[in-house]
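**Student:**
Chains as they are written, first to last, in the numbering used here: chain E, 243 to 691; chain V, 135 to 748.
As C-alpha cells, then:
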C-alpha cells in the first residue's frame, strides 16, 4: 500500500506564476476560471498544477492552458512539509514497561492530507500519537530508523537486536518492533539467531493498510502486539492478523514465518509449524496454540551475538537457468539455493539433449569450500535428498540441508549468522542442519499446511 | 427557500476500481469477515464531527462478500486497480451533455466515511466536470459539479447497537453524481429537475436501470434556517413532498426555538446527567428491566422549562422529542424516553416516575429525558441530546429520507476536513483519446436512440407508447442500456417476427402473466425470443405462446421446446390435423375446444374448406 516512497514536495515549491503552494489563487484558462488553494504536486506529470477546490476536491489543470494566475491570499493554508509535522502529538510517558522500537514501514507512516504524500513518523511523539490512546502509557518508544522494509539490510538487523537487548537488560517487560511487512520475516529470523535465551517476548508487527485510513489494520495489530508483549511467553514472534477480520491476530515463531500474500491483512503464515499463539486485541487474551511456545524466563541470561558474515547469496533455481549463473556465485562465502520440489536442481542425469544441467557448477562451488545450502521453492514441507537419484547426486556433491524444513529466507539469514562464527565447512554443515532457534522442526505435523 | 439536488446514478458495466461485475442476484457463495473502523484525524488534528459521532458507537462491522461479484478490492484487502475507463468516458459524455467543463486531470479523493458502508473507511470520489446547465421544464438550472464516485455497500440490518451488517455486491459500482446549483424554489421544481436529469442520463443508454440505481439527495435551506442535506430519496415522486416537509420542519423548528428562548430567558440547559438505575431496578417495564439486567444504566437529564415542547409536531408523526431521540440514537442508543410522552405506556409505575422527577429536581414547567444503555454510550447519547437542545436554531445536518417524505437525523454535515487524496491511484490526465471515446459513446447512444425510434415507428402510436413504458417484465440487461423489453422487441423484429405480435406479447401477455404472480423476470431476452421463434417455425400455435412462457418462467431450466413437449402442446398440422379433423367429424367447434392450444384455427378452417369441397 502507500509507502514512504512517494516523494514529498516541499511547501516552498514555486509555480511559474509566482504563486506558491498554500496560496489561495484564481487560475484563468481563457474564459474559464478556477478558484482554490494551490497544492504541491505529490504525484503525476509536471505539466499540471494541483488545485484544491473549496469543496475539498483536488483537480489538475494543464499548465499550458493557464492564461493568468491571481493570488487571492498568500499562505491561505499552512502546508505540512516533511520536516515540520507538529500535528497531533502525544506526550511521552516515562512509565512504559514495553519497549517500542520503530524501524519504519506502513505502520508508522503518516499522511500529509493536503498534499496526499505519505511520510514516516520521525519523532517518538508522532509514533505515540499513532497508537491507540490507552496503549500510549504502556510503551517507551524509540526510533531506530525510518526505512521501508525493502531497504532493511543485515546491518539494520544487528541494530534492532542490540537495541532490544539494551531495553530488555533495562527491565523492559517486552519489546515491540514496528517494521515494514515485506522483509519482516528476515528480521524476525535474524533476531531469533542473534538473541538467544530471551527472557521476554519480542514482537514484530506492521500493517498492510496505512494508518491514514479508517480501516487500517495497524490498531488491531498494535493492540494484539501489546497484549503479546505483556503475555507469559518468550522469544521472537511476528504478530499480524489471523484472517480478514479485525478480531484476532496470530503470533508466528520468528524463524518459521513468511509473508505469503502481497496485500492481505493475514499475509503472514506460519510455515511447517502451528502458530505460537492467538491474540485477541479486544480483551488482550493470549491463547497458546503450540506446545513449543515458551513461557517467560525471568532471570534468564540472554546471549547477544550479532556477528554476521553478509557475503552470502540466495539464488532461485528455475528451468533454463544458465550454468554461468551458478559459477558466478563463487565470489560469495556462502550460498542458499532455492531449489525445486523436494530439493532438486536441473542436473540432467538422464542425458536429455535439451536439458541444461548445472551439476558441474554446483559441485565446483561445494568443492571449493563454499557452503551451499539447498532449500525448496515449495516453501511448505521438508526437503529430502534421499528419495531421487537427483537428490542423492546433490548430497554426494556436498550440498547442505538434507531433511531440513527451513524457509529459504530463514536459511539465508541463518547461513550469514553461522558464517559469522564459523569458517570450517564441516562445522557449518553441522550447524546448518541442526536446530538453533526453532528453525528446523523435528516432526512435520499433519495439520501444518 | 433554496434547494439544490444531487443525483446519484449507477453507471452500467464493471465496478469502478476492479474487474468485478455487479450482480443483482443474491450470491450463492459468500465469505464473512468483521472489522472495526477507526476515526482518522484530519490534517489539523481534528476529528470531522460526522466521523466523531460514528466513532463513539464503536460498532463491529460485519461484511458478507459475495464471491461472484466482489473481490479483494472490495474487501479492502487489495489496493484499487485503475479507474474504470468506460465509466470515466461515460461521465465525460454526461459532462458534455450538461456543458460541464471537464477537468484537465482527474484526482481521486478519499472521503472519510466510517459508518461501515465502505470497507476502506472512505469513499473514493473525483470531480470530472465543473459548471454547466440543464434545461428543465422549470427553466435553466445551473450545474455545480459532475463527479464520479463509488457506490457504498448495501446495509442488511440497520439500527443495531453493537454491529452493522453489510453486503458487498453493490460496493464500488460506479456512480455519476450531478450536483445542481441551489436555485430551485420549491419541491415541485426539485422534482421536475431530478426527472429531467434522470431522463438525460437514461437516454445515453449508459446507466443501470431498476430499483435503487438512482438516488436523490436534497440540499434544502430556508432564510434563518440552515443547510440540511436529506439523503437517499429513492422515489422520484417523493422529492416534492420531501423538500416541502423539510421546509416545514425548519419553519416549525424556528418557531419552536422562539418559544424556547422566551422560556429559558438566556439560561442554558445543563448537561448534568443523573444515574437513575437504582430507581428503576425493580421496574415492571420489560424494555428497561431487560437492559438493566445486562448491565445497562438509566441516565436522566432535566430540560428546564421544556414542558410540552418535546411533544410539538415538527413533521407528520415526528415531534421535537423525535429530533432529540435521533441524536441519542446517533451515539448508539436505542432510543429516548421523554416526559411529554405517556410514560405509563412504558410500564413505569407512578412511584418510579415520582422518584425520577425528584432525583432530577424537576420543577413545574420542566421536562426530562431518559436513556438506557451502557454507561459510555448513555453518557455520549445525553451529551448529544444536551448539545442539540442547547442549539437554539436549525442545525446543519445530514438527514435520512424516509419513504413518507419525512426525515431523521443521521449525522452532522461533514466538513471539508474529511477529504484527502487517494494515494493508491495515480492521477489521470484527460487525454484526447478519452474525450474521443466519450464522443464515440455519444454517437453510439444517439444511433441507439434513433434505432429505437425507428423500431417503434413500425408500431401504432398507442402500442409504441405502451412498449416504451414497459418495464420490469423481463430479466437481464438490454444492449447499449436499452430496457430489456425494448431489446427483446428489437431482436424479435430482427428475427422476422411481426412487430405488432412481438410488442403485444410483451405488453399484454407478459404483463398479465406478471399480474397472475408469475416471475416473468426469470425470462431474459434470449429465452423470450426462443418462444416466439418456436411459433414462427410453426412448431407451436400463437395461442400456445403464453403457456410456453409461463412454463419457462416456472422452470428456469426449461427451453421453449422442452416446455412444449412437457405441456404436450406442440402444434398439430398438415396430415395429422387432417386426421384429427376426420376424428372430430369435421366439427370445427369441437376441434377448437379440445385442441385450442395445438391447432391453428386458420389452418383447420382451410383444411375443412378443402375437405368440404371434395
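For each residue, glycine too, the CB sits at the ideal point set by N, CA and C.
(1) Pull up the distance between the alpha-carbon of residue 287(V) and that of residue 570(V), whole angstroms please.
(2) Please tell me whether residue 300(E) has its Cβ less than 8 Å away from any Cβ of chain V.
(3) Comparing alpha-carbon positions, which option in 428(V), 455(V), 319(V), 448(V) lies nearest residue 440(V)?
(4) What's the C-alpha gap between residue 332(E) and residue 370(E)?
(5) For the alpha helix (DSSP H) containing residue 226(V), name the first residue and the last one.
(6) Please confirm if the stretch 455-467 of chain E is in contact with the stretch 141-159 of chain V, defined as three or more CB-CB distances below 8 Å between the two stretches.
(7) Name the chain E residues whose beta carbon is nearer than 8 Å to that of residue 144(V)?
(8) According to DSSP, is residue 264(V) helix, strand or coil?
(9) Where do the ends of the beta strand (DSSP E) carrying residue 462(E) lie?
(10) Taking the Cβ atom as the reference point for each residue, do residue 478(E) and residue 430(E) lie within a distance shorter than 8 Å?
(11) CA-CA distance, residue 663(V) and residue 625(V)?
(12) Express the C-alpha separation of residue 634(V) and residue 590(V) in angstroms, rounding to a whole number.
(13) Under 8 Å, Cβ to Cβ, is there at least one residue of chain V near residue 436(E)?
(14) In whole angstroms, what is the alpha-carbon distance linking residue 298(E) and residue 395(V)?
(15) Compute the Euclidean distance between the alpha carbons of residue 539(V) and residue 449(V), then round it to the nearest angstrom.
(16) Between the stretch 266-277 of chain V and the stretch 327-345 of chain V, do three or more beta carbon pairs fall short of 8 Å?
(17) Taking beta-carbon pairs under 7 Å, can you tell me which members of the stretch 501-528 of chain E lie near chain V?
(18) So the candidates are 701(V), 241(V), 541(V), 390(V); which of them puts its Cα closest to the Cα of residue 525(V)?
(19) So residue 248(V) contacts chain E; which residues on that side make the cut at Cβ distance below 8 Å?
(20) Name the DSSP beta bridge partners of residue 143(V), please?
(21) Buried or exposed: residue 279(E), going by 16 or more other Cβ atoms within 10 Å of its Cβ?
(22) How long is the line joining the alpha carbons of residue 626(E) and residue 578(E), rounded to whole angstroms?
(23) When the cut-off is 8 Å and only beta carbons count, does residue 821(V) lie next to chain E?
(24) Do you know how far the Cα of residue 741(V) is from the Cα of residue 709(V)?
(25) Per DSSP, residue 542(V) forms a beta bridge with which residues?
(26) Relative to chain V, which residues along the stretch 457-471 of chain E have a C-beta separation below 8 Å, given in chain order?
(27) Apart from the five residues on each side of it in sequence, which residues of its chain come closer than 8 Å, Cβ to Cβ, to residue 673(V)?
(28) Which residue from 448(E), 391(E), 494(E), 272(E) puts its Cα closest to that of residue 680(E)?
(29) Here's the rule: buried if 16 or more other CB atoms are within 10 angstroms of the residue's CB, otherwise exposed. What is residue 325(V)?
(30) Measure the alpha-carbon distance for residue 465(V) versus residue 459(V) and round it to whole angstroms.
(31) Relative to chain E, which residues along the stretch 190-215 of chain V have a C-beta separation below 7 Å, given in chain order?
(32) Determine, using beta carbons only, whether residue 325(E) comes closer than 8 Å to chain V.
(33) On a Cα-Cα basis, can you pick out the residue from 225(V), 306(V), 360(V) that is closest to residue 281(V)?
(34) May I ask you to report which of helix, strand or coil DSSP gives residue 683(E)?
(35) Could you tell me the distance, in whole angstroms, from the CA atom of residue 336(V) to the CA atom of residue 149(V)?
(36) State the DSSP-derived secondary structure class of residue 257(V), mapped to helix, strand or coil.
**Tutor:** In brief:
(1) Whole-angstrom Cα-Cα distance: 33 Å.
(2) The beta-carbon of residue 300(E) is placed less than 8 Å from the nearest beta-carbon of chain V.
(3) For residue 440(V), the closest of 428(V), 455(V), 319(V), 448(V) by C-alpha to C-alpha distance is 455(V).
(4) Here the model assigns residue 332(E) a pLDDT of 47, short of 50, so the residue's position is not dependable, and the following value carries that caveat. Looking at the backbone, the Cα of residue 332(E) and that of residue 370(E) are separated by about 6 Å.
(5) Run containing residue 226(V): 219-231, per the alpha helix (DSSP H) assignment.
(6) Look at the beta carbons and you see the stretch 455-467 of chain E not touching the stretch 141-159 of chain V: under three pairs across the two are nearer than 8 Å.
(7) Neighbours of residue 144(V) across chain E, judged by C-beta separation under 8 Å, do not exist; the nearest C-beta is about 21 Å away.
(8) Three-state DSSP puts residue 264(V) in a strand.
(9) Not the beta strand (DSSP E): residue 462(E) falls in the alpha helix (DSSP H), residues 460-471.
(10) In this structure, residue 478(E) places its C-beta atom within 8 Å of the C-beta atom of residue 430(E).
(11) Going by the C-alpha atoms only, they are around 7 Å apart.
(12) The straight-line gap from Cα to Cα measures roughly 10 Å.
(13) Not closer than 8 Å to any Cβ of chain V, the Cβ of residue 436(E) fails to qualify, so no.
(14) Separation of residue 298(E) and residue 395(V) (C-alpha to C-alpha, rounded to the nearest whole angstrom) is 36 Å.
(15) Each residue's alpha carbon lies about 9 Å from the other.
(16) The stretch 266-277 of chain V makes contact with the stretch 327-345 of chain V: 3 or more CB pairs, one atom from each, lie closer than 8 Å.
(17) Those would be 505, 506, 507, in chain order.
(18) Comparing Cα positions, the closest option is 390(V).
(19) Chain-order list of chain E residues neighbouring residue 248(V): 456, by C-beta distance under 8 Å.
(20) Paired residue(s): 310(V), 348(V).
(21) Taking all protein chains shown into account, residue 279(E) has 16 or more neighbouring C-beta atoms within 10 Å of its C-beta and is therefore buried.
(22) Cα-Cα distance, rounded: 16 Å.
(23) With chain V covering 135 to 748 only, the question about residue 821(V) has no answer from this structure.
(24) Straight-line Cα distance between these residues: approximately 10 Å.
(25) 534(V), per the DSSP bridge assignment.
(26) Under the 8 Å Cβ criterion, the stretch 457-471 of chain E contributes 457, 458, 461, 462.
(27) Closer than 8 Å at Cβ, skipping near neighbours: 695, 698, 704, 705.
(28) In terms of Cα proximity to residue 680(E), the closest of 448(E), 391(E), 494(E), 272(E) is 494(E).
(29) By the neighbour-count rule (16 or more Cβ atoms within 10 Å), residue 325(V) is buried.
(30) C-alpha separation (whole angstroms): 10 Å.
(31) Here the close residues are 206, 209, 210, 211, 212, 213.
(32) Because the pLDDT of residue 325(E) is 38, which lies under 50, any placement of that residue in the model is unreliable, and the number read from its coordinates should be weighed accordingly. Cβ-Cβ to chain V under 8 Å: no for residue 325(E).
(33) The shortest Cα separation from residue 281(V) among 225(V), 306(V), 360(V) belongs to 225(V).
(34) Coil at residue 683(E), not helix or strand.
(35) Straight across, the Cα-Cα distance linking residue 336(V) with residue 149(V) is about 19 Å.
(36) Three-state DSSP puts residue 257(V) in a strand.
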